[in-house]
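Structure first, then comments.
Number of protein chains: 2
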Amino acid sequence: MRLEEKNISSRLIYDGKVVHLYEDEVLLPDGQSARREYVKHIGAVCVLALTDQGEVILERQFRYPFHKELIEIPAGKLDSADEDPKEAALRELREETGYVPTRITYIGDFYSSPAILDERIRMFFAEGLMRDEQQLDDDEFLEVFTMPLKALVDEILAGHISDGKTQAAALKVYTMLQQKGRTI
Amino acid sequence: MRLEEKNISSRLIYDGKVVHLYEDEVLLPDGQSARREYVKHIGAVCVLALTDQGEVILERQFRYPFHKELIEIPAGKLDSADEDPKEAALRELREETGYVPTRITYIGDFYSSPAILDERIRMFFAEGLMRDEQQLDDDEFLEVFTMPLKALVDEILAGHISDGKTQAAALKVYTMLQQKGRTI
């Protein structure tokens with residue numbers, strides 16, 4: 493692999509609850525060395541959940557790094573490195589929104605910021621939603637609402653939805669359903 | 493703002509070249525306190541650049557956090573916090589790929605991982621490409637290639653492109669051009 497960067501040494505800088513920061517020295521393809529600062533993350537899931545009426549389940553949540561509320565699809569970290577991603581997606585959807593789907597499909601990975609973060613978000617598409625009870629974590633505060641998929645896509649095209657995974661998952665499901673000739 | 497988390501205290505853990513890690517204590521909406529671990533980032537740009545033949549300019553690059561090569565659209569950090577994002581996008585496109593566009597349009601923001609990272613990527617759409625010379629940074633190694641936009645969208649739908657910003661920007665431009673009735 494001509495482009496490969498080989499590990500010379502690795503140093504754990506910070507071992508937090510979510511963020512695990514490393515500073516590695518690497519050997520570049522030309523024989524020089526360079527420093528790579530990056531965060532290890534346990535991995536996550538997100539769910540584009542669509543009601544039978546064609547509405548997407550969305551959350552409004554305060555995101556501290558941006559000091560503002562963002563609109564996002566349901567998502568969350570894996571409970572453990574070996575948690576089944578589909579189970580995690582079902583768990584997060586049920587806990588955060590109270591919805592339980594009858595069909596859920598893996599639609600690909602989403603790497604958030606591959607230069608500095610190894611977070612891998614498994615994306616799912618869920619349909620056939622039934623209502624159960626919301627069960628938020630102690631430090632989790634969010635509002636659930638719905639929006640027609642077509643309206644969400646229009647908001648994304650207008651630049652009104654900044655969350656990356658929400659843009660990717662919504663546009664992906666929209667394009668897939670269009671290709672299948674489904675009315676949206 | 494009912495969902496707001498207020499800062500109680502802030503501690504800089506690591507002040508790297510790219511990653512600036514903070515550990516803050518925050519006041520939650522219910523009066524409890526919680527710890528927030530997050531990374532500050534100077535901000536970035538990415539460019540979906542389309543040739544007159546409908547081909548997207550792509551890069552194959554080794555991403556150390558994933559220990560593998562990824563396919564991504566051209567992107568890069570701002571040189572300074574006040575660098576004009578459009579200038580940064582033109583600079584990164586020219587340096588990394590050697591292409592210079594005659595038209596470039598801002599198509600919205602992409603927040604990479606809003607729970608733990610304040611990275612804001614401004615997305616651009618570039619057309620009318622002319623060739624200039626590639627000028628890579630000392631520690632930058634990448635291969636440039638092209639793929640028809642429709643083929644890239646198919647690869648994304650098949651789950652073969654994992655980079656988040658590449659998925660979002662390609663699907664966004666594809667949907668926008670389709671809505672305008674452009675042949676893709």
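So the sequence lines, in the order shown, correspond to chains A and B. Just so we're aligned, residue 493 is where the first sequence starts under the working numbering, counting upward by one. Just so we're aligned, residue 493 is where the second sequence starts under the working numbering, counting upward by one. For each residue, glycine too, the CB sits at the ideal point set by N, CA and C.
Taking 8 angstroms as the threshold (C-beta atoms), are residue 618/B and residue 539/B in contact? Cβ atoms of residue 539/B and residue 618/B: closer than 8 angstroms.
Taking a contact to mean a Cβ-Cβ separation below 8 angstroms, would you say residue 554/A touches residue 497/B in this structure? At the C-beta level, residue 554/A and residue 497/B come within 8 angstroms of one another.
Measure from the alpha carbon of residue 678/A to the alpha carbon of each residue in 543/A, 513/A, 646/A, 548/A, then state which is nearest. With chain A covering 493 to 676 only, the question about residue 678/A has no answer from this structure.
Given a cut-off of 8 angstroms, decide if residue 605/A and residue 562/B are closer than it, judged by their beta-carbon atoms. Going by C-beta atoms, residue 562/B is not nearer than 8 angstroms to residue 605/A.
Exposure of residue 615/A, with buried meaning 16 or more beta-carbon neighbours within 10 Å: When all chains shown are included, residue 615/A counts as buried.
What is the rounded straight-line gap between the Cα of residue 643/B and the Cα of residue 630/A? Looking at the two C-alpha atoms, the distance is approximately 45 angstroms.
Out of 621/A, 627/A, 603/A, which has the shortest C-alpha to C-alpha gap to residue 595/A? For residue 595/A, the closest of 621/A, 627/A, 603/A by C-alpha to C-alpha distance is 621/A.
For residue 486/A, which three-state DSSP category applies? Residue 486/A falls outside the range modelled here, since chain A spans only 493 to 676, and no answer is possible.
Residue(s) in a DSSP beta bridge with residue 668/A: Note: residue 668/A sits in no beta bridge, so no partner.
What do you reckon, are the CB atoms on residue 612/B and residue 508/B nearer than 8 angstroms? Here residue 612/B is not near residue 508/B, since their CB atoms are 8 angstroms or more apart.
So, is the C-beta of residue 528/A closer than 8 angstroms to a C-beta in chain B? At least one chain B Cβ lies under 8 angstroms of residue 528/A.
For the structure I just gave you, are there three or more beta carbon pairs, one from the stretch 647-654 of chain A and one from the stretch 574-584 of chain A, closer than 8 angstroms? Under the 8 angstroms Cβ criterion, the stretch 647-654 of chain A does not count as touching the stretch 574-584 of chain A, having fewer than three qualifying pairs.
I'd like the ranges of any alpha helix (DSSP H) spanning at least 4 consecutive residues and lying wholly in the stretch 533-603 of chain B. With a minimum length of 4 residues, the continuous alpha helix (DSSP H) runs that stay inside the stretch 533-603 of chain B are 577-589.
Find the nearest neighbour of residue 505/B within the set 545/B, 530/B, 628/B, judged by alpha-carbon distance. Among 545/B, 530/B, 628/B, the Cα nearest to that of residue 505/B is on 530/B.
Just the chain A side, please: which residues come within less than 7 angstroms of residue 606/B by C-beta, in chain order? Counting only Cβ-Cβ distances below 7 angstroms, residue 606/B has contacts in chain A at 555, 557, 558, 562, 655, in chain order.
Closer than 9 angstroms by beta-carbon distance: list the chain A residues that pair up with residue 550/B, in chain order. Those do not exist, as residue 550/B stays about 14 angstroms from chain A at its closest Cβ, beyond 9 angstroms.
What separation, rounded to the nearest whole angstrom, lies between the Cα atoms of residue 537/B and residue 665/B? Taking the straight line from one Cα to the other gives about 16 angstroms.
At a Cβ threshold of 8 angstroms, is residue 638/B touching chain A? So no, residue 638/B is outside the interface.
Only counting the same chain, and skipping five residues up and downstream in sequence, which positions put a Cβ closer than 6 angstroms to that of residue 569/B? Excluding positions up to five away in sequence, the list reads 534, 536.
Can a CB atom of chain B be found closer than 8 angstroms to the CB of residue 642/A? Closer than 8 angstroms: no.
From the beta carbon of residue 518/B, is the nearest beta carbon of chain A less than 8 angstroms away? Answer yes: the Cβ-Cβ gap between residue 518/B and chain A drops below 8 angstroms somewhere.
Looking at the structure shown, is residue 658/B part of a helix, part of a strand, or coil, going by DSSP? The DSSP-derived three-state label of residue 658/B is helix.
When DSSP builds the beta bridges, which residues end up paired with residue 613/A? DSSP output for residue 613/A lists 536/A, 602/A as bridge partner(s).
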